[in-house]
Structure formats: structure tokens, C-alpha cells
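Each remark here refers to the structure printed beneath this line.
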Amino acid sequence: MPTPAPTGPLVTRDSLSAELRRLGVARGDTLLTHSSLSRLGWVNGGAVAVVHGLLDALGPDGTLVVPAHSGDLSDPALWTRPPVPRDWWEPIRASMPAYDPRTTRSRGVGVLPETVRTWPGALRSAHPHTSFAALGPRAAHVVEGHAPDCRLGERSPLARLEELGARVLMLGTGYDTCTGFHLAEYRIPAPLVPIGRPAPGGGWDVLTEVSITSERFDELGHDFERDRPVARGRVGAAETRLFPLADAVAYAERWLATHRSRAEEPPSGGDPAPAAPGPGPRP
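For the sequence shown, position 198 matches number 198 in this note's numbering, and the numbering has no gaps at all.
Laid out in C-alpha cells, this is it:
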């Protein structure tokens with residue numbers, strides 16, 4: 001059977017950089033990027049070309065930040081994609097490798113964050129579930145001080161990005177991937193829940209954390225885009241959005257306080273990353 005012809009458009013490093021600039025990405029920006037490589041079209045050079053294009057658009061004074069989450073370093077009792085037998089839970093907890101920012105792969109956030117994470121000069125934050133990787137002159141400030149008991153709150157890179165006036169680039173992804181909305185969850189009344197993960201020195205840790213969930217983020221994003229300025233366009237074939245992180249967080253704080261009831265809160269911790277997959281096949 002013949003191999004199907006690639007579907008376009010043809011995307012190159014230069015075309016991607018030019019289209020990002022037309023959208024409004026500026027040299028010197030700090031850019032939190034959520035991405036779907038498959039929605040861009042046929043990219044000559046794949047994820048490496050996309051990272052080059054992003055860095056070209058940002059210039060030498062810009063900083064690129066991506067979520068580098070590793071939700072598989074989590075309690076196997078919460079795994080659903082796929083679940084594992086109950087009698088495996090304790091052996092998995094006892095033998096799970098500890099988080100290492102240099103070697104732990106990102107998971108569930110796409111191929112671009114893993115490419116950034118392994119890029120020469122990239123820095124990564126210290127949280128074992130919800131780390132961020134960054135490239136550029138503000139990378140160290142963004143990733144430093146990510147507290148072990150603060151996944152996406154005031155002591156996470158999201159708060160540093162907010163302070164820096166960062167913007168969010170959603171490159172072919174929907175608002176369900178918008179990690180900035182989680183920062184708002186830390187600023188409204190939310191339940192605290194136990195969160196398990198491998199301890200740095202071996203064994204198993206359980207910490208108390210704010211419960212988070214991306215449920216209704218699509219609805220929240222729809223209303224945000226209706227009410228606030230969001231730059232929209234296409235980069236390659238991907239529908240793309242660009243907006244200030246601080247604006248999104250402030251809007252989400254008001255929206256969640258009004259629209260989300262306690263009954264919607266997840267029972268045991270919510271998403272440690274965008275999802276809580278086990279080490280089996282990805283969703």
C-alpha cells in the first residue's frame with residue numbers, strides 16, 4: 001500500500017518565526033508555550049525546527065518556557081490511563097525512581113517540551129510532578145525556588161512568570177492545557193489533599209497540597225476570550241492564541257470563584273499534571 005502524501009502546509013523554521021511575529025510575539029518576550037506539533041502541518045525538522053523558530057521570534061533577550069510535567073511520578077492508586085492492579089500499588093511506590101530534573105522525561109505535554117527540556121542550556125524547576133523548563137536570560141529566575149509542596153501556585157514558576165509580565169502562547173492547543181488558570185485555583189478557597197510521590201532519598205512521600213483540576217477550563221477559556229483581548233491567528237495549520245498570563249490568571253480567579261462549586265472538586269488531588277497517566281500507553 002503506498003505511503004500517503006504528507007498534508008500541509010509546509011512549515012519551516014523561518015515561516016514559523018515570521019508567523020509568530022505577525023501574531024504579536026515580540027523580541028525580548030517571556031513566553032509560556034503550550035503546543036501540539038501534529039497540528040502545525042508538515043514541519044521540516046520537526047520539534048527542533050519549532051524550537052528554533054520560537055527562539056528566533058523571541059531573539060537573544062527573550063525567554064521560552066514550557067511545562068515539563070511528569071505526572072507518572074505519582075500515586076499509582078490514581079492512574080487511569082491505564083490503571084494498574086491494586087496489588088501492584090505498594091511495590092510501585094517502593095521502587096519508583098525519584099525525580100531528577102536532568103533525566104526524568106516530561107510526560108503528557110507533547111514533544112516540544114521534551115525537546116526544550118533537553119536543549120543545550122535549558123534549566124528545569126524542581127517539582128517532581130509539575131516542573132517547567134526554560135531557555136533564555138530569565139530562565140534561572142523562572143525555574144528557581146519551585147517548592148516541593150506547591151505544584152502550580154505562588155511558589156511555582158507560574159507566579160514568577162506573572163511577575164515578569166509573561167505572555168501565553170497556545171500553539172495548536174485548547175484552553176484545557178492552560179496551566180496559568182491553575183495559579184488562580186491557589187487564590188480562591190480550595191480543599192487541601194494528600195499527594196504522594198517518590199521521596200528524593202528513596203521511599204515514598206505524602207505531602208499536603210491544594211487540589212487542582214482542569215475541568216471546565218475550556219468553558220473558562222471561551223469566556224475569557226469573549227471578554228478580554230486575545231490575539232488569534234494561524235501558525236502553519238495550527239489555530240494559535242497569544243495573551244498576557246496576568247490577565248488570564250485574574251480573569252480565572254473571578255470566574256472560578258463564581259462558576260465552580262465545591263462538588264466539582266476532585267476527591268484526591270486532581271491533575272498532578274495535565275492528566276494522571278501511568279507508565280503505560282499515553283492517552
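Yeah, the Cβ is synthetic: ideal placement off N, Cα and C, and Gly gets one too.
Could you name each continuous beta strand (DSSP E) segment of 3 residues or more that falls completely within the stretch 22-58, going from the start of the chain to the end? 30-35
Unbroken alpha helix (DSSP H) runs of length 4 or more, entirely within the stretch 157-241: which are they? 157-163, 180-185, 217-227
If you measure between the beta carbons of serine 156 and glycine 110, is that distance less than 8 Å? Translated into positions along the sequence shown, residue 156 becomes position 156. Translated into positions along the sequence shown, residue 110 becomes position 110. Going by C-beta atoms, serine 156 is not nearer than 8 Å to glycine 110.
Below 8 Å, how does it come out for the stretch 243-258 and the stretch 182-195: are there three or more Cβ pairs, yes or no? yes
By alpha-carbon positions, which one of Asp205, Gly180, Val143 ends up nearest to phenylalanine 243? For this step, residue 243 is matched to residue 243 along the sequence shown. Of the listed residues, the one whose Cα sits closest to phenylalanine 243 is Gly180.
Which of the three DSSP states, helix, strand or coil, is assigned to proline 113? Along the sequence shown, read from residue 1 onward, the residue named residue 113 stands at position 113. In the structure shown, proline 113 sits in a helix (DSSP, three-state: H, G or I).
Comparing C-alpha positions only, which one of Gly174, Leu164, Phe217, His34 sits nearest to alanine 246? By 1-based counting over the sequence shown, the position of residue 246 is 246. Nearest of Gly174, Leu164, Phe217, His34 to alanine 246, Cα basis: Leu164.
Taking all protein chains shown into account, decide if aspartate 75 is buried (16 or more other Cβ within 10 angstroms of its Cβ) or exposed. Numbered from 1 along the sequence shown, position 75 holds the residue referred to as residue 75. Result: buried.
If you measure between the beta carbons of alanine 147 and leucine 123, is that distance less than 8 Å? Within the sequence shown, numbered from 1, the residue matching residue 147 stands at position 147. Within the sequence shown, numbered from 1, the residue matching residue 123 stands at position 123. In this structure, leucine 123 does not lie closer than 8 Å to alanine 147 by Cβ.
Going by DSSP, name the residue or residues bridged to threonine 63. Numbered from its first residue, the sequence shown carries residue 63 at position 63. According to DSSP, threonine 63 bridges with Thr30.
So, with DSSP's three-state summary, where would you put proline 76? Position 76 of the sequence shown, counting from 1, holds the residue named residue 76. Looking at proline 76 - three-state DSSP - the assignment turns out to be helix.
Is the number of C-beta pairs between the stretch 24-31 and the stretch 165-173 that are closer than 8 Å three or more? yes
Out of curiosity, what's the CA-to-CA distance linking leucine 64 and tyrosine 99? As a working mapping, residue 64 is identified with position 64 in the sequence shown. As a working mapping, residue 99 is identified with position 99 in the sequence shown. When rounded, the distance between both Cα atoms is 23 Å.
Going by alpha carbons, who is nearest to valine 48 out of Arg13, Val206, Leu161? Working through the sequence shown from its first residue, we reach residue 48 at position 48. With distances taken between Cα atoms, valine 48 lies closest to Arg13.
With DSSP as the reference, identify every bridge partner of proline 6, one or two as the case may be. Start at 1 with the first residue of the sequence shown, and residue 6 comes out as number 6. According to DSSP, proline 6 bridges with nothing at all.
Give a yes or no on contact between the stretch 101-115 and the stretch 41-61, applying the rule of three or more CB pairs nearer than 8 Å. yes
Could you tell me the distance, in whole angstroms, from the CA atom of glycine 236 to the CA atom of glycine 41? What you label residue 236 is simply residue 236 of the sequence shown in a count that begins at 1. What you label residue 41 is simply residue 41 of the sequence shown in a count that begins at 1. Near 6 Å, if we compare the C-alpha coordinates of glycine 41 and glycine 236.
If tryptophan 89 and alanine 77 are in contact, beta carbons under 8 Å, what's the gap, nearest whole angstrom? Taking the first residue of the sequence shown as position 1, residue 89 is located at position 89. Taking the first residue of the sequence shown as position 1, residue 77 is located at position 77. Yes, they are in contact, since the Cβ atoms of tryptophan 89 and alanine 77 sit about 5 Å apart, within 8 Å.
When you compare each of Arg228, His34, Cys178, Leu192 to serine 214 by their alpha carbons, which one comes out closest? Numbered from its first residue, the sequence shown carries residue 214 at position 214. The shortest C-alpha separation from serine 214 is found at Cys178.
Quick one, which of Leu192, Ala68, Gly59 has its alpha-carbon nearest threonine 103's? For the purposes of this step, residue 103 is taken as the residue at position 103 of the sequence shown. Here the closest residue by C-alpha is Ala68.
Would you please state the rounded distance, in angstroms, between the beta carbons of arginine 151 and histidine 127? I believe it to be under 8 Å. Taking the sequence shown and counting its residues from 1, the one referred to as residue 151 is at position 151. Taking the sequence shown and counting its residues from 1, the one referred to as residue 127 is at position 127. The Cβ separation is near 6 Å, so the contact holds.
Enclosing beta strand (DSSP E) for alanine 133 [first to last residue]: Taking the sequence shown and counting its residues from 1, the one referred to as residue 133 is at position 133. Where alanine 133 is concerned, the enclosing beta strand (DSSP E) stretches over 132-135.
Separation of arginine 160 from proline 194, as counted between CA atoms: Taking the first residue of the sequence shown as position 1, residue 194 is located at position 194. Taking the first residue of the sequence shown as position 1, residue 160 is located at position 160. Rounded to whole angstroms, proline 194 to arginine 160 spans 25 Å at the Cα level.
Looking only at its own chain, which residues have a Cβ that is under 6 Å from the Cβ of leucine 207, when we skip the five neighbours before and after it? Counting from one through the sequence shown, the residue named residue 207 turns up at place 207. For leucine 207, where only same-chain residues beyond five positions count, the Cβ hits under 6 Å are Asp149, Ile195.
Starting from the Cα of leucine 16, find the closest Cα among Asp61, Leu171, Arg260, Glu219 and give me that residue. Taking the sequence shown and counting its residues from 1, the one referred to as residue 16 is at position 16. Residue Leu171 is the option with its Cα nearest to leucine 16.
Given that a residue counts as buried once 16 or more other Cβ atoms are within 10 Å of its Cβ, and exposed if not, what is histidine 222? For this step, residue 222 is matched to residue 222 along the sequence shown. Per the 10 Å Cβ criterion, exposed.
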